[in-house]
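Residue numbers (the numbering used here), protein chains in the order written: chain A, 127 to 359; chain B, 127 to 359. Glycine residues also receive a C-beta, built at the ideal position from the N, C-alpha and C atoms. Only a predicted model underlies this, so the values are computations on that prediction, with no experimental measurement involved.
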DNA sequence: AGCCGTATACTCGTAGCCGGATATACGCCA
DNA sequence: TGGCGTATATCCGGCTACGAGTATACGGCT
C-alpha cells in the first residue's frame, strides 16, 4: 500500500462530500454538516476543520474558488471540490465500505485487562454497563423515531449504531449471566488470585509450568497466523 | 468532569496493569504485553510507549525505581507502579467497564455518506464487505481455537471482538438483502438523484419543501435531546 | 578470530489533532 | 445610542502519536 491516503481523516471525507454538493467556505461546511446530523458519526471541531481543509487544498483535492466578502463580515475563502477530489472521494468511500479496518474500542481494551479487577467488582461494573447501554439505546431509538420525514437512506448510520450497541448489550448480558450462575469456568481461580495474590496451579495467562522469566507466549510458539490487520486507518 | 484523566490512553492502562504485576523497564513491558496478546486489543508501538511511560511518571502514577545495567547492555530505567497509580488504575477500569463511550468507527462515518455513491455501487461494495467480514471472523475463530490451555478469562476481548464483527455482518447482510429484493424504501429516489443530479420531490436529506439556502435541519427544530456524548476522552 | 544477523533498548522529528482564543458584525432592548 | 449577547469566521500553540532511525550487545558459524 504505497503512500496511503494523502489526507486520511473522516472529517476530510465529510468535507469532500459536502463540497461535492456545492462550493462553500469552511464555516458553512461546519453548519451544513451539523444540520445534517453528521456530528453523530464524525467528530467535528473547528480546529480540525481548518487544518483538514488546508491539507485537502494543499493536496489538490479541493481548491479555493473565491474570497468573497458579504456585508462587511470578515473575509472568507470559498472552496470547491476538484476532479482529483471527486476521484479520491469515490475511491475512499469504496475502501471504507468494502474493507473492514481494525479499530481499538476502549471497552475491548478494558476487557483485556479485566483480570486486574476482582470477580465481584467486575460483575458489579458489567451490570452498570448493561443499564447504561439500555439507556443509550432507548435514547437513540427515541431520537431516531423523532426524525420522521427523513428517508431511511439518510439514517443508516444511526440504525447501524443502534444495532452495534444492541449486540454489545446482548454480549455483556450473556457474560453477566455466566458470572451470576457461576457457569463461567474461571471464577474460582480468579478469586484465588485476588485473595492470595499469586497464580494458582493450572491457571494464569499462559500455558502452565512456565519458568518465572519465560516469555509467556499466549499463542503456542509456531502457531503464528500473523495477519489480522489490513492497514489501520 | 474536572481535569479529566491525567493520561488518557489505552496504552497507559496496559502499562499500569503490567507494572501492577512487577516492576519493569519499558522494553520489557512491550515484550510482556506482546506475549500476552495485548496487541490485539491495544495499539502498541515504541514511539507511543516511551511517551506514555514518561507521562505516567510525570504525573506520579509510576516511578523510576532503578537504572540497572545488566551485562554491558545499554542502561535502562526500571519503573514501578505507585499507590496513586494503583488507585488510578482501579478507577479507570471501573469507568471503562461501567460507562460506554461514544466512539467513531470509520464504517459508521462512511455509512453516513453512503448517498454519494450510486445505489448499484453501494450494493456491490457492501457485498464485498460481507465477504471480508466472513473471512475476518473465520480467521479470528481459528486463532481463538488455537489458544487451548489459556483460560477464557484471558480471552474475553477476543470473544467480544468476534461477537461485534458478527453483529456487523448480520446487519450488513440484512441491508444487502433489502437492496436486492428492493424492499429498501428509498432506492428509486436515490437512483433518480444520481441520474439527474438533483433532488426529486419528497426526497432528500431534510424535510421536503425547503428553500435552496435553508439550513436543512434533520432534527425538526425543538426536538433537541442534546445529550449523547459522555465525554470521549 | 572475525563477521553478520538478531535481539535489546531507546530517541527523534514530523505531522496531525484539538481546545480555546481572537476578532468582527449584527440585532435587540432599555 | 450604548451595551451586551450571539453568530460568523478563522487561527494558533501545545500536546500526542508514531514510524523510522540509532546504537550496542550477544551468539552462532566459518
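Neighbour flag for residue i against chain A, beta carbons, 7 Å
i	result
residue 153 (chain B)	no
residue 445 (chain B)	Residue 445 (chain B) lies beyond the range of chain B shown here (127 to 359); nothing can be said about it.
residue 209 (chain B)	no
residue 303 (chain B)	no
residue 223 (chain B)	yes
residue 237 (chain B)	yes
residue 231 (chain B)	yes
residue 187 (chain B)	no
residue 306 (chain B)	no
residue 270 (chain B)	no
residue 287 (chain B)	yes
residue 179 (chain B)	no
residue 182 (chain B)	no
residue 227 (chain B)	yes
residue 249 (chain B)	no
DSSP state of residue i mapped onto helix, strand, coil
i	result
residue 227 (chain B)	coil
residue 168 (chain B)	coil
residue 204 (chain B)	strand
residue 189 (chain A)	strand
residue 133 (chain A)	coil
residue 177 (chain A)	helix
residue 310 (chain A)	coil
Minimum Cβ-Cβ distance from residue i to chain B less than 7 Å
i	result
residue 168 (chain A)	yes
residue 175 (chain A)	no
residue 143 (chain A)	yes
residue 278 (chain A)	yes
residue 131 (chain A)	no
residue 242 (chain A)	yes
residue 318 (chain A)	no
residue 254 (chain A)	yes
residue 165 (chain A)	no
residue 312 (chain A)	yes
residue 282 (chain A)	yes
residue 214 (chain A)	no
residue 245 (chain A)	no
residue 295 (chain A)	no
Alpha carbon of residue i to alpha carbon of residue j, nearest angstrom
i	j	result
residue 317 (chain B)	residue 249 (chain B)	12 Å
residue 140 (chain A)	residue 206 (chain A)	13 Å
residue 280 (chain B)	residue 315 (chain A)	12 Å
residue 133 (chain A)	residue 261 (chain B)	28 Å
residue 303 (chain A)	residue 290 (chain B)	18 Å
residue 159 (chain A)	residue 166 (chain A)	10 Å
residue 130 (chain A)	residue 138 (chain A)	15 Å
residue 245 (chain A)	residue 186 (chain A)	55 Å
residue 191 (chain B)	residue 237 (chain A)	29 Å
residue 308 (chain A)	residue 311 (chain B)	46 Å
residue 252 (chain A)	residue 143 (chain B)	19 Å
residue 163 (chain B)	residue 300 (chain B)	33 Å
residue 181 (chain A)	residue 273 (chain A)	34 Å
residue 227 (chain A)	residue 285 (chain B)	18 Å
residue 231 (chain A)	residue 275 (chain A)	33 Å
residue 155 (chain B)	residue 216 (chain B)	19 Å
residue 294 (chain A)	residue 320 (chain A)	27 Å
residue 149 (chain B)	residue 204 (chain B)	6 Å
residue 306 (chain A)	residue 168 (chain B)	28 Å
residue 283 (chain A)	residue 243 (chain B)	15 Å
residue 235 (chain B)	residue 208 (chain A)	22 Å
residue 110 (chain A)	residue 259 (chain A)	Residue 110 (chain A) lies beyond the residue range present for chain A, which begins at 127 and ends at 359; the question has no answer from this structure.
residue 263 (chain B)	residue 287 (chain A)	20 Å
residue 170 (chain A)	residue 136 (chain A)	9 Å
residue 313 (chain A)	residue 239 (chain A)	15 Å
residue 277 (chain B)	residue 256 (chain A)	24 Å
Residue range of the alpha helix (DSSP H) that includes residue i
i	result
residue 260 (chain A)	245-272
residue 315 (chain B)	313-322
residue 276 (chain B)	Element bounds for residue 276 (chain B): n/a, residue is neither H nor E.
residue 89 (chain A)	Given a span of 127 to 359 for chain A in the structure shown, any question on residue 89 (chain A) remains unanswerable.
residue 241 (chain B)	Where residue 241 (chain B) is concerned, there is no enclosing alpha helix (DSSP H), given that its DSSP letter is neither H nor E.
residue 159 (chain A)	152-161
residue 138 (chain B)	136-147
Given 8 Å as the limit, is there contact between the segment 215-233 of chain B and the segment 267-282 of chain B, that is, 3 or more CB pairs closer than that? With contact defined as three or more Cβ pairs closer than 8 Å, the segment 215-233 of chain B and the segment 267-282 of chain B are not in contact.
Between the segment 208-222 of chain A and the segment 163-177 of chain A, are three or more C-beta pairs nearer than 8 Å? With the cut-off at 8 Å, the segment 208-222 of chain A and the segment 163-177 of chain A do not touch.
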